[in-house]
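I have placed the structure first, in the form of structure tokens, so that the comments after it can refer back to it.
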Amino acid sequence: MYEQGVIRPPSEASSLLVRVTRNCPWNQCVFCPAYKGTKFSKRSVEEVKKDIDAMAVEYGGFARIDSVFLQDADSLVLAVDDLVAILEYLREKFPKIDRITTYARARTLKRRTVAELTRLKNAGLTRVHAGMESGSEKVLQLIKKGLTPEEIVTGGRHVMDAGLELSEYIMPGIAGRALSEEHARQTAHVLNQVRPHFIRVRTFAMHPLSPMQKMVREGTFVTMADDEIAGEIRLLVEDLDEMHSYFSSNDFSLNLLMQVDGFLDEKKADMLRELDTFLAFSKREKQVYILLQRSGYYRYPLDVVRDAGVLAKVLPEIERLEKGGEDGFNKYIDILKSHQLPQPQTDDWC
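Under my numbering, read the sequence shown as residues 27 to 376, first letter to last.
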């Protein structure tokens with residue numbers, strides 16, 4: 027009937043998925059398994075229009091279809107004329123659409139002029155999702171992101187200057203222990219220049235099949251525990267300007283402190299207090315909170331660590347894990363986090 031890609035952002039869960047490119051033109055990021063083993067290709071306008079026609083038959087009568095996500099990993103590599111034709115056709119077939127969004131790489135956004143992006147906005151594009159992951163040049167090289175901080179800033183500013191919404195994705199923990207502080211500080215520095223509408227937090231967890239496992243075995247990458255990542259996020263938030271950007275933690279299951287969330291110009295002090303409260307916990311209190319959060323999807327308040335009923339159930343399990351060998355608790359938490367990794371068919375990786 028029609029093609030669909032394997033991933034989309036969580037915020038596009040109810041959006042119509044329209045595939046305009048296949049896979050990822052870069053596909054070298056060492057942490058991302060979504061497109062490994064595939065080849066990138068562009069789809070023709072006619073191919074995409076046929077898909078839209080099929081979707082209109084299937085969904086056209088449903089008033090709930092009011093948003094669209096253009097797949098796959100970097101839709102803006104298509105010629106602007108082709109994208110405009112696709113956007114206009116979408117709005118013709120689905121006149122109730124009020125939001126069309128897409129992924130794009132910073133290098134592609136840098137190459138697109140503000141005038142070109144403005145033209146896409148006028149044709150119906152409303153938001154760009156961009157995976158910067160880090161603002162540190164060393165970290166970007168470590169994870170083979172294929173970007174520079176300058177490209178992230180320039181590409182992001184092009185989007186903002188065109189009047190489009192911009193979601194920048196960051197990845198606490200991706201730098202490992204050695205580069206953690208630089209990762210936090212430089213990421214904040216880049217974000218302060220871009221000033222995107224959304225800063226979406228995607229805590230790093232090691233995929234069992236990731237090429238980074240080899241780096242761990244060789245000792246060139248040391249993974250961080252949850253409390254260390256919380257400290258990294260604290261440095262990041264501290265260095266971020268009080269700008270009208272939404273710092274989003276509550277839409278991703280691997281984020282430990284989902285309550286560290288809100289507009290920076292309104293909630294930065296509250297977010298820092300929440301982080302400081304957690305970081306001031308004793309080792310055992312941190313373990314209690316971490317185990318509760320990683321064992322399910324319920325969002326716990328920080329004062330749960332002083333609930334006698336909860337402690338009676340959780341403390342024996344922590345003690346059992348610690349008896350299981352060196353660093354037994356953190357190893358178990360890493361297993362739980364790997365089970366929570368989003369699947370490419372349903373959620374976003376990059």
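Heads up, the beta-carbon is just placed ideally off N, CA and C, and yes, glycines get one too.
- The shortest CA-to-CA distance from Arg69 to any of Ile359, Arg346, Gly31 is the one to Gly31.
- Counting along the chain, no alpha helix (DSSP H) covers Arg332, and no H or E run does either.
- Inside the stretch 93-169, DSSP marks whole beta strand (DSSP E) runs of 3 or more residues at positions 93-97, 125-129, 153-159, from first to last along the chain.
- Following the DSSP letters along the chain, one finds Ser206 inside the alpha helix (DSSP H) bounded by residues 206-220.
- Under DSSP, Thr47 forms a beta bridge with Lys68.
- For the stretch 229-276, the full-length beta strand (DSSP E) segments reaching 3 residues or more read 272-274 along the chain.
- Comparing alpha carbon positions, the residue from Arg145, Lys170, Thr139, Tyr195 closest to Ala156 is Tyr195.
- In this structure, DSSP gives Gly354 a helical state, which the three-state scheme calls helix.
- The stretch 96-115 and the stretch 128-137 touch, with three or more beta-carbon pairs separated by less than 8 angstroms.
- The three-state reading of DSSP puts Val32 in coil, since its state is none of H, G, I, E or B.
- Pairing Ala82 with Pro222, the inter-Cα distance amounts to about 33 angstroms.
- In this structure, the beta-carbon distance from Gly172 to Thr249 does not fall below 8 angstroms.
- Between Met284 and Asn276, the C-beta gap is smaller than 8 angstroms, which places the two residues in contact.
- Note on Tyr129: 16 or more other CB atoms within 10 angstroms of its CB, so buried under the neighbour-count rule.
- Around the beta carbon of His365, fewer than 16 other beta carbons lie within 10 angstroms, which makes this residue exposed.
- A direct Cα-to-Cα measurement between Pro234 and Lys293 gives close to 36 angstroms.
- Per DSSP, reduced to three states, the secondary structure at Ile91 is coil, with no helix or strand assignment.
- In the three-state reduction of the DSSP assignment, Ile344 falls in the helix class.
- The C-beta separation of Ser274 from Phe230 comes to about 16 angstroms, leaving the pair out of contact by the 8 angstroms criterion.
- With at least 16 other beta carbons inside 10 angstroms of its own, Met158 counts as buried.
- For the set Ala80, Arg137, Leu166, the Cα lying nearest the Cα of Cys55 is the one of Leu166.
- Just measuring C-alpha positions, the residue of Glu73, Thr47, Val74, Val71 sitting nearest Tyr61 is Thr47.
- In the DSSP assignment, Leu298 falls within the unbroken alpha helix (DSSP H) covering 290-305.
- Residue nearest to Phe66 within the set Glu72, Asn49, Val74 is Asn49 (criterion: CA-CA distance).
- For Val286, there is no enclosing beta strand (DSSP E), as DSSP marks it with neither H nor E.
- With fewer than 16 other beta carbons inside 10 angstroms of its own, Asp124 counts as exposed.
- A straight-line Cα-Cα distance of about 13 angstroms links Arg117 and Phe95.
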